Amino acid sequence: MLSLADQAPLECLPLTSRTLACAKTLGYNQIGQIRSTPNSRLFADLGEDRAEELQRALYDFGMRPSQLGDLSA
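Under the working numbering, residues 15 to 87 are what the sequence shown spells out, in order.
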């Protein structure tokens, strides 16, 4: 079951308009989708800069680092 934070739209995250548009184009519409996607997949889908921006935005949104993992994984 997804938490309320996971159900929130990506627009709730402090993202650049370019990263938000790219993520939405690839079908990432909710925070939970980003959190449940392996970092290696985000890296492949979005590229290093946008994947790192998403990771930072999740941290700023209040997600603990242990929930985020490492982009190099």
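We put the beta carbon where it would ideally sit given N, CA and C, even for glycine.
Source: prediction; values computed, not measured.
Minimum C-alpha distance to residue i - residue among the options
| i | options | result |
| --- | --- | --- |
| Asn43 | Leu68, Met77, Asp74 | Leu68 |
| Thr39 | Arg55, Pro52, Pro28, Asp59 | Asp59 |
Buried versus exposed, by CB contacts within 10 Å (16 or more), residue i
| i | result |
| --- | --- |
| Arg64 | buried |
| Ala71 | buried |
| Thr33 | buried |
| Ala37 | buried |
Inter-residue spacing [alpha-carbon to alpha-carbon] between residue i and residue j
| i | j | result |
| --- | --- | --- |
| Phe75 | Ser50 | 16 Å |
| Leu56 | Glu62 | 8 Å |
| Thr30 | Ser54 | 21 Å |
| Pro28 | Met77 | 13 Å |
Start-to-end residues for the alpha helix (DSSP H) that takes in residue i
| i | result |
| --- | --- |
| Tyr42 | It is not in any alpha helix (DSSP H) - Tyr42 carries neither H nor E in the DSSP assignment. |
| Glu66 | 62-75 |
| Ala19 | 18-21 |
Segment contact, 8 Å Cβ cut-off, at least three pairs: the segment 18-34 with the segment 43-54: yes
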